[in-house]
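In this note's numbering, the protein residues as written are 554 to 1017.
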């Protein structure tokens, strides 16, 4: 087993086995080694068939977990030496995990609790990451002991290195393992990792590849006070993060602010400063124009296109408790830019959020309906584009029957161009526009029935 875990290709078999016995599927970027990912098709989704969860399979997972925590040290430790620990197996906490000792002639095991080599080797680190995730989704009681061992032997700061970054941030494999642990670990593990590894170092970490660990730290925060500490340490550098293409950190902060319902007003104010928007209420397109083009990485700087990070940021801001500034800015966009937003692969999702966000009221949606008038003559060009057709459906969902009829009539004028297109033909069939051309009253009745069905279905799904 040790040989398999450390082998680039054989470890993939171990990781797949862990998913099968647990019934938990993990993302492809964890279940595959870096070398394997580089050789695979970039468009693959990494999904695979998983057996149904069974008690016998869970016992296999339990045994594997207990054994890996009892493995002796094997070479390749990156720095320093790791001491050993004498543990009375029958009286130790490990003995409570369900592992039956097969060493009847030896009551004391001399063990290295968890070799740092596991976290610092690419193949074995991927196995540990997979194990963490499958335990979180199946045998949760085994996860805290495993994370405690990782923290003690692989993550914690070594003596004499207080003025340098901990070694875990100097190794990509170990850092990725830490990120996974932060995403699913308990609040106790989170607090220990924050105090020992991150506190007081966040800005320095953001200047290196360790910024991804900072993003995981922010994303895994569940306590308002702890998040406020992190926020205040990073706040003086917000402008630098935005101007130097480190929007991934800002996106993580925005999502945490939305999730924990704190620091939202301050964060929006900082974005207004960054966008140089002179209107404090955001009645200017400059706010959304700036945010949509936020770069997630300094390596992608120089592009003036809508970015995935920027789109996600706008969507997150629209879910804030009081998103009026972003709403005002979005509805201030010129008609051509609004259409470009709807047709953009990343920007089209903004419309989905505008329609579905519980923070956006009917008055704001009425303003959007009125804004549709500025798109007159552009509706057809929007509906025949893949991403534009998605935004079109969202616009249709919030429109009243009169607005729908106006939009439908515009499409019927250009029926040949619209219905002859793959996406346009779907729009025509889905919304019954052929019926609108023949019998408008029947079409209006049909639309009313469809609206009632959606409301009924939504209410049915919302019932606990």
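For every residue, glycine included, the Cβ atom is placed at its ideal position computed from N, Cα and C.
Counted within 10 angstroms of its Cβ, other Cβ atoms place residue i as buried (16 or more) or exposed
i, result
"residue 889", "exposed"
"residue 689", "buried"
"residue 701", "buried"
"residue 866", "buried"
"residue 734", "buried"
"residue 919", "exposed"
"residue 799", "buried"
"residue 1002", "exposed"
"residue 914", "exposed"
"residue 848", "buried"
"residue 977", "buried"
"residue 994", "exposed"
"residue 674", "buried"
"residue 717", "exposed"
"residue 943", "buried"
"residue 803", "buried"
"residue 685", "buried"
"residue 677", "buried"
"residue 789", "exposed"
"residue 857", "exposed"
"residue 580", "exposed"
"residue 887", "exposed"
"residue 721", "buried"
"residue 672", "buried"
Pick from the options that is closest to residue i, judged by C-alpha positions
i, options, result
"residue 893", "842, 579, 977 and 771", "842"
"residue 615", "736, 672, 995 and 699", "699"
"residue 956", "969, 932, 570 and 967", "932"
"residue 880", "973, 685 and 921", "921"
"residue 624", "569, 674 and 554", "554"
"residue 973", "946, 952, 934 and 1000", "934"
"residue 520", "912, 609, 680 and 898", "Here the chain comprises residues numbered 554 to 1017, so residue 520 is not present and cannot be evaluated."
"residue 840", "822, 849, 848 and 983", "822"
"residue 910", "706, 900 and 873", "873"
"residue 704", "718, 717 and 741", "741"
"residue 687", "992, 883 and 617", "617"
"residue 737", "875, 827, 950 and 769", "769"
"residue 754", "613, 1000 and 719", "719"
"residue 777", "817, 901, 708 and 695", "817"
"residue 952", "923, 621 and 559", "923"
"residue 820", "620, 870, 862 and 797", "870"
"residue 797", "696, 759 and 612", "759"
"residue 948", "807, 917, 967 and 561", "917"
"residue 779", "756, 743, 838 and 846", "743"
"residue 983", "936, 569, 992 and 761", "936"
"residue 693", "577, 772, 723 and 672", "577"
Collapsed DSSP secondary structure at residue i in the structure displayed
i, result
"residue 597", "Model confidence at residue 597 stands at a pLDDT of 38, short of 50, so the residue's coordinates are unreliable and nothing is read from them."
"residue 874", "coil"
"residue 831", "coil"
"residue 569", "helix"
"residue 739", "coil"
"residue 631", "With a pLDDT of only 46 at residue 631, under the threshold of 50, the placement of this residue in the model should not be trusted, and no figure is reported."
"residue 753", "coil"
"residue 704", "helix"
"residue 836", "coil"
"residue 904", "helix"
"residue 799", "coil"
"residue 508", "Residue 508 lies beyond the range of the chain shown here (554 to 1017); nothing can be said about it."
"residue 899", "coil"
"residue 814", "coil"
"residue 624", "coil"
"residue 934", "helix"
"residue 577", "coil"
"residue 866", "helix"
"residue 772", "helix"
"residue 591", "With a pLDDT of 43 at residue 591, under the threshold of 50, the modelled position of this residue cannot be trusted, and the question is left open."
"residue 912", "coil"
"residue 951", "coil"
"residue 858", "coil"
"residue 782", "helix"
Residue i CB to nearest heavy atom of the ligand FMN below 6 Å
i, result
"residue 935", "Absent from the structure shown: the ligand FMN. Ligands present: none."
Is it a yes or a no for the stretch 951-967 touching the stretch 912-929, going by three-plus beta-carbon pairs under 8 Å?
yes
For the stretch 778-788 against the stretch 830-837, do three or more pairs of beta-carbon atoms, one drawn from each stretch, fall closer than 8 Å, so that the two count as touching?
no
So, do the stretch 742-751 and the stretch 787-798 have three or more beta carbon pairs nearer to each other than 8 Å?
no
Evaluate contact between the stretch 720-737 and the stretch 761-774, counting only Cβ atoms and requiring at least three cross-stretch pairs below 8 Å.
yes
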